[in-house]
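Trainee: Following this message is one structure expressed as structure tokens.
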Amino acid sequence: MLPLIYHVLAVARERTDSQDREERTGGQDSIRPRAVLEDAAMIKVGFRVNSRDVPPHRVGDAIGDLLLSQIQDAVTDHVNRRIGSLRCRVHGQAPRVTAAPGGSSPDSWTLTVEGCCEAFQDQATRSLQ
Ligand SMILES: [Zn+2]
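All you need for our numbering is the position in the sequence shown, starting with 1, plus 1384.
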């Protein structure tokens, strides 16, 4: 039984080789789509997000984490550019800012400002807008 299987495989291999030769030499296109698909299916693709290797089942979470981190940085930068050096003239305090997500862009987040007194809270809120 085994020699027959070897023979069948050898014939199949010969047939594929000769078809390949025919198509490579005679066809307009030297690359067969079927061959390209077979090759692509055998290549394992690794994923790297933010310079770290990530298993395929974690890619979605990793991209979500990266986007969230970038949005947090953007919101923090925005707040600090606008009111980072602002202090209450009466109490010398800095404002406290809470950011709540309203969407995927930094512009859509809601920023809530708290201050040591109402006057400073209003001033910081105006400066942030
Ligand atoms: Zn104050």
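Backbone N, C-alpha and C define an ideal beta-carbon position, used for all residues, glycine too.
(1) Do the stretch 1497-1507 and the stretch 1463-1475 meet, that is, are 3 or more Cβ pairs less than 8 Å apart?
(2) Any heavy atom of ligand 1 closer than 7 Å to the beta-carbon of Gln-1477?
(3) Would Val-1433 pass as an interface residue toward chain B - the criterion being a Cβ-Cβ separation below 8 Å?
(4) Could you give the uninterrupted runs of the alpha helix (DSSP H) lying entirely in the stretch 1437-1471, keeping only those of 4 residues or more?
(5) Rounded to a whole number of angstroms, what is the C-alpha to C-alpha distance between Ala-1446 and Ile-1455?
(6) Between which two residues does the alpha helix (DSSP H) carrying Arg-1510 extend?
Mentor: For this structure:
(1) yes
(2) Translated into positions along the sequence shown, residue 1477 becomes position 93. Yes.
(3) The structure shown contains no chain B, having only a single protein chain.
(4) 1443-1467
(5) The count along the sequence shown starts at 1 and reaches residue 1446 at position 62. The count along the sequence shown starts at 1 and reaches residue 1455 at position 71. Whole-angstrom Cα-Cα distance: 14 Å.
(6) As a first step, residue 1510 is located in the sequence shown; it is residue number 126 there, counting from the start. Element bounds for Arg-1510: 1502-1512.
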